[in-house]
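Before any comments, here is the structure.
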Amino acid sequence: MTGHSLRLRRLRRFGTQAGARKRGAQPKVVALGGGRGLSASLAALRRITGDLTAVVTVADDGGSSGRLREELGVLPPGDLRKALAALCGDDDWGRTWSRVIQHRFQSRGELHDHAVGNVLIVALWEQLGDHVQALDLVGRLLGAHGRVLPMSAVPLELQALVRGHDPDRPDEVGTVRGQATVALTPGEVQSVHLVPADPPAVPEAVAAVLDADWVVLGPGSWFSSVIPHLLVPELLDALVETKARRVLSLNLAPQPGETDGFSPQRHLEVLGRHAPKLALDVVLADEAAVPDRDSLAEAARRLGAAVELAPVAVAGTASGAGEGPGGGVPKHDPELLAAAYDRIFRMHGRIGPWR
Numbered sequence: 001m002t003g004h005s006l007r008l009r010r011l012r013r014f015g016t017q018a019g020a021r022k023r024g025a026q027p028k029v030v031a032l033g034g035g036r037g038l039s040a041s042l043a044a045l046r047r048i049t050g051d052l053t054a055v056v057t058v059a060d061d062g063g064s065s066g067r068l069r070e071e072l073g074v075l076p077p078g079d080l081r082k083a084l085a086a087l088c089g090d091d092d093w094g095r096t097w098s099r100v101i102q103h104r105f106q107s108r109g110e111l112h113d114h115a116v117g118n119v120l121i122v123a124l125w126e127q128l129g130d131h132v133q134a135l136d137l138v139g140r141l142l143g144a145h146g147r148v149l150p151m152s153a154v155p156l157e158l159q160a161l162v163r164g165h166d167p168d169r170p171d172e173v174g175t176v177r178g179q180a181t182v183a184l185t186p187g188e189v190q191s192v193h194l195v196p197a198d199p200p201a202v203p204e205a206v207a208a209v210l211d212a213d214w215v216v217l218g219p220g221s222w223f224s225s226v227i228p229h230l231l232v233p234e235l236l237d238a239l240v241e242t243k244a245r246r247v248l249s250l251n252l253a254p255q256p257g258e259t260d261g262f263s264p265q266r267h268l269e270v271l272g273r274h275a276p277k278l279a280l281d282v283v284l285a286d287e288a289a290v291p292d293r294d295s296l297a298e299a300a301r302r303l304g305a306a307v308e309l310a311p312v313a314v315a316g317t318a319s320g321a322g323e324g325p326g327g328g329v330p331k332h333d334p335e336l337l338a339a340a341y342d343r344i345f346r347m348h349g350r351i352g353p354w355r
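The numbers in UniProt numbering rise by one with no breaks, and the one at position 30 of the sequence shown is 30.
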């Protein structure tokens, strides 16, 4: 038995023991992703369960996160901050703290465009020397309805093989480096990988996946927020071996650059190529964003999943430019998305202790 396999078995036992101690009347849900897509999912899920863990990508290299990462050598805090903000409550305390940590300084100096939450998270990392403990402390301060964990404790670089990144050479396949660049590439992304290629997963994230009743992957930037979780070996092994049901939430529209021109079923095909051993149980899509339901159902079937179609978009935004950086029109409605998740958990879940 390899050291990697032995570690996973220990984490599996830890998760089972934790579940036996803590299981209550609600489903234990783990949501994986990054950026606005994960925030949308968390804003919905916190409405239907009090046992929620977010596992967040740590490959961002743009904006405030990129600057802090380059200057201090820390994990990029931006997507972790957004996840914490999404878990804030709808009372005065939650709304206030959500605005505070999302606030960006406006100046002509070094602080310009830094988010308050990014600085706070990094300060606690330096004070405590522990990523998980610091994020738990921020969560308590905010009154967050759930826990936020990084998928790895080391900063990661996303690299992609892209066809036609150089418009003058449309058939040439080259390597594009950096999450911010990959997300906006004018070419066609063929595949992505991480550097380092075998990053360690955060043990608490692996244990949460192994102990979950449901794992939710997506929505979000497909190559830069969703698929990276499948490139962390320990995390992928946990996703494959967990007894949890797995739901994949599709985007409302292709993302300009990263998935421009992708059909819903092509998103599934790409995910399957990156993690051929990963089976799914349910694929959730907005009914207005699926022009070919039969093709989507067939692509889902190849991953072991059923398709659930439901209205999950804010009225009038189910089609548009996309969900990527720079802002597209489509937005998820937290209440509608929560209703869709709740229906899936009840219809497709095993008879669990929360029933």
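Where a beta carbon is used, it is the ideal one built from N, C-alpha and C, also for glycine. Given the structure is predicted, the values throughout are model-derived calculations rather than measurements.
Three-way DSSP call (helix, strand, coil) for residue i in this model
{"i": "V115", "result": "Reading the sequence as shown, one finds Ala at residue 115 and not Val. Reduced to three states, the DSSP call for A115 is strand."}
{"i": "K22", "result": "Residue placement at K22 is flagged as unreliable, the pLDDT there being 46, under the threshold of 50; a coordinate-derived value is accordingly withheld."}
{"i": "V283", "result": "strand"}
{"i": "V132", "result": "helix"}
{"i": "E335", "result": "helix"}
{"i": "S191", "result": "strand"}
{"i": "G220", "result": "coil"}
{"i": "L156", "result": "coil"}
{"i": "G174", "result": "strand"}
{"i": "G73", "result": "coil"}
{"i": "A59", "result": "coil"}
{"i": "Y341", "result": "helix"}
{"i": "L141", "result": "helix"}
{"i": "D51", "result": "strand"}
{"i": "A315", "result": "coil"}
{"i": "H163", "result": "First, the amino acid is wrong: residue 163 is Arg here, not His. Residue state, collapsed to three classes: strand."}
{"i": "L120", "result": "helix"}
{"i": "G35", "result": "helix"}
{"i": "P203", "result": "helix"}
{"i": "P264", "result": "helix"}
{"i": "V30", "result": "strand"}
{"i": "V307", "result": "strand"}
{"i": "residue 356", "result": "What is shown of the chain runs 1 to 355, which leaves residue 356 out entirely."}
{"i": "A289", "result": "helix"}
{"i": "R169", "result": "coil"}
{"i": "T185", "result": "coil"}
{"i": "D294", "result": "helix"}
{"i": "A180", "result": "helix"}
{"i": "R346", "result": "helix"}
{"i": "R46", "result": "coil"}
{"i": "P353", "result": "Because the pLDDT at P353 is just 41, under 50, the model does not fix this residue reliably, and the point stays unresolved."}
{"i": "A197", "result": "coil"}
{"i": "A299", "result": "helix"}
{"i": "A208", "result": "helix"}
6 angstroms Cβ shell around residue i - same chain, five flanking residues per side excluded
{"i": "G143", "result": "G89, W93, G94"}
{"i": "A244", "result": "A212, D213, W214, V215"}
{"i": "G50", "result": "Q26"}
{"i": "residue 357", "result": "Because the chain here runs from 1 to 355, residue 357 falls outside it and cannot be looked at."}
{"i": "L128", "result": "A134"}
Pair within 8 angstroms by beta-carbon distance, residue i and residue j
{"i": "residue 370", "j": "P264", "result": "Look at the range of the chain in this structure, 1 to 355, and you will see that residue 370 is not part of it."}
{"i": "V176", "j": "H165", "result": "yes"}
{"i": "P200", "j": "V148", "result": "no"}
{"i": "V270", "j": "A31", "result": "no"}
{"i": "A253", "j": "A297", "result": "no"}
{"i": "V132", "j": "E204", "result": "yes"}
{"i": "V195", "j": "L156", "result": "yes"}
{"i": "I344", "j": "H274", "result": "no"}
{"i": "A299", "j": "L268", "result": "yes"}
{"i": "F223", "j": "V182", "result": "yes"}
{"i": "A86", "j": "A134", "result": "no"}
{"i": "A180", "j": "G62", "result": "yes"}
{"i": "I48", "j": "D333", "result": "no"}
{"i": "D281", "j": "H348", "result": "yes"}
Interface flag, residue i vs chain D, CB-CB below 8 angstroms
{"i": "S249", "result": "In summary, chain D is missing from the structure at hand, where a single protein chain is found."}
Nonlocal neighbours in the same chain, by C-beta distance under 8 angstroms from residue i, ignoring five residues either side
{"i": "A279", "result": "V240, R246, L303, G304, A305"}
{"i": "H114", "result": "S64, R67, L68, R104, F105"}
{"i": "D79", "result": "G34, G35, L38, V56, T57, V58, D60, S65, S225"}
{"i": "T185", "result": "A160, V162, H165, V176, G257, E258"}
{"i": "Q190", "result": "A160, L161, V162, R163, V173"}
Contact set for residue i: own chain, Cβ-Cβ below 7 angstroms, skip 5 residues either direction
{"i": "T53", "result": "V30, G146, R147, L149, A208"}
{"i": "M151", "result": "V55, V56, T57, V58, A201, V202, A205, H229, V232, L235"}
{"i": "A83", "result": "L38, S39, L42, A54, V56, V148"}
{"i": "R46", "result": "L52, L87, H145, G146"}
{"i": "L111", "result": "F105"}
{"i": "L137", "result": "L124"}
{"i": "L72", "result": "V122"}
{"i": "R346", "result": "none"}
{"i": "P167", "result": "P186"}
Any contact of the stretch 282-291 with the stretch 305-313, i.e. 3+ C-beta pairs under 8 angstroms?
-> A contact exists between the stretch 282-291 and the stretch 305-313.
Is it a yes or a no for the stretch 197-211 touching the stretch 253-260, going by three-plus beta-carbon pairs under 8 angstroms?
-> Short answer: they don't touch.
Whole beta strand (DSSP E) elements within the stretch 82-112, 3-residue minimum | Segments of the beta strand (DSSP E) lying fully in the stretch 82-112: there are none.
Assess, as a yes-or-no matter, whether the stretch 70-77 is touched by the stretch 110-127 under the definition of 3 or more beta carbon pairs within less than 8 angstroms.
-> Yes, the stretch 110-127 touches the stretch 70-77.
Secondary structure, alpha helix (DSSP H): runs of 4+ residues fully inside the stretch 213-261 = Taking 4 residues as the shortest admissible run, the stretch 213-261 contains the following complete alpha helix (DSSP H) segments, listed from N- to C-terminal end: 233-241.
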